[in-house]
Amino acid sequence: MPLPPLALLTAASAALTILSAPWGFDAPWLNFVFKPLTTLLVIGHAWPRGSAVPARRRWVLAGLVLSLAGDVALLWPQQGFLPGLVSFLLAHLAYLWAFTRGGPRLAARPAPFAGYALLAALILWRLWPDLPAALRLPVLAYVACLASMAAQAAVVALHTRGSADAARGRVLAAGGALFLVSDTLLAINKFALALPLSGLWILLSYWLAQWCIASWLPRERALTSP
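Heads up: take any position in the sequence shown, counting from 1, add 2, and you land on this note's numbering.
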């Protein structure tokens with residue numbers, strides 16, 4: 003089945019962003035143009051979806067817009083790191099709230115939260131010695147919000163298992179997991195050790211995560227539950 007035009011445009015914009023630095027393709031303006039554009043295209047993917055579940059739609063869109071603000075801040079990796087961190091922390095809180103609207107309550111199933119808490123602890127254990135002292139508390143808060151968002155996405159998937167919404171639940175859980183992968187790679191690359199082709203893996207997993215979260219909002223014809 004061919005990809006829809008918006009998905010192709012998003013993939014092309016993401017590819018131009020990824021190509022802006024590595025492999026000698028030295029054109030930093032591509033990053034400044036196409037990094038925000040890619041997230042705007044993901045917002046365009048989410049925009050026509052979810053009108054029958056307005057609370058979910060509102061908070062997913064809020065998370066995407068906050069992510070866009072974070073993308074713009076991180077165009078300046080040093081000066082923009084803390085504003086970007088705060089923007090994405092707020093984005094995860096918006097997603098976390100969206101995942102409880104009209105669905106399972108927060109931490110309705112403890113297993114995903116226990117699993118992601120363990121992963122978060124391992125990530126922090128690896129990063130902690132390399133983190134500047136001034137960033138330790140912000141990073142701790144960020145990792146807690148990120149892990150909670152990913153865990154609640156998995157709760158939604160478990161809650162919808164066996165229903166007509168099961169496929170979208172699995173997509174959402176994948177989005178939460180991919181966001182954790184992306185941010186873990188980014189943190190390791192920034193604070194611990196340089197990863198080969200880091201931009202490729204960080205941005206690919208990031209935009210796949212955002213696309214999955216946006217795709218959780220149902221199309222009108224696919225809507226089966228309030």
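For glycine and all other residues, C-beta sits at the position ideal for the given N, C-alpha and C.
Cβ-based neighbour list, residue i, same chain, cut-off 6 Å, excluding 5 preceding and 5 following
i: I204; result: S184, L187 and L188
i: L92; result: L68
i: A109; result: F115
i: R59; result: G52 and L219
i: T162; result: A168 and G171
Cβ separation of residue i and residue j, assumed to be a contact under 8 Å, to the nearest whole Å
i: G86; j: G65; result: Actually they are not in contact, since the Cβ atoms of G86 and G65 sit about 14 Å apart, beyond 8 Å.
i: A216; j: V62; result: 7 Å
i: L43; j: T12; result: 4 Å
i: A152; j: G171; result: The Cβ separation is near 14 Å, so there is no contact.
i: T41; j: Q212; result: 7 Å
i: L202; j: I20; result: 5 Å
i: L98; j: L182; result: Between L182 and L98 the Cβ distance is about 13 Å, and since that is not below 8 Å, they are no contact.
i: P140; j: L95; result: No, P140 and L95 are not in contact; Cβ-Cβ is about 14 Å, not under 8 Å.
i: R103; j: A57; result: 4 Å
Selected residue, minimal CA-CA separation from residue i, among the options
i: F115; options: S217, L32 and A156; result: A156
i: A17; options: A75, W99 and L210; result: L210
i: L124; options: P140, A149 and S200; result: A149
i: S89; options: R107, S53 and L70; result: L70
i: S207; options: L180, L197 and A166; result: L180
Pairwise C-alpha distance: residue j and residue i
i: R51; j: L133; result: 40 Å
i: L39; j: S15; result: 7 Å
i: P6; j: F36; result: 19 Å
i: V145; j: L126; result: 8 Å
i: L199; j: S22; result: 12 Å
i: L8; j: A169; result: 21 Å
i: P117; j: E222; result: A small correction: the amino acid at residue 117 is Gly; Pro does not occupy that position in the sequence shown. In a straight line, the C-alpha of G117 is about 34 Å away from that of E222.
i: A135; j: L10; result: 42 Å
Outcome for residue i when other beta-carbon atoms lying within 10 angstroms are tallied against a minimum of 16
i: Q81; result: exposed
i: W218; result: buried
i: G164; result: exposed
i: A48; result: buried
i: G26; result: Note that G26 scores a pLDDT of 44, beneath 50, so its modelled location is shaky and nothing firm can be said.
i: S75; result: Note on identity: in this sequence residue 75 is Ala, with Ser being the wrong assignment. Buried, since its Cβ has 16 or more Cβ neighbours within 10 Å.
i: A224; result: Any reading at A224 needs caution, since the residue's pLDDT is 46, under 50, leaving its predicted position unreliable; the model's value is listed next. Its Cβ having fewer than 16 others within 10 Å, A224 is exposed.
Sequence-distant residues of its chain with Cβ nearer than 8 Å to residue i (five each side left out)
i: T34; result: It is Phe, not Thr, that sits at residue 34 in the sequence shown. Result list for F34: L77, in chain order.
i: R128; result: I190 and A194
Residues near residue i by beta carbon distance below 7 Å, same chain, minus five either side
i: L174; result: A155, V158, A159, C214, I215 and W218
i: F101; result: Q154, A155 and V158
i: A119; result: A149
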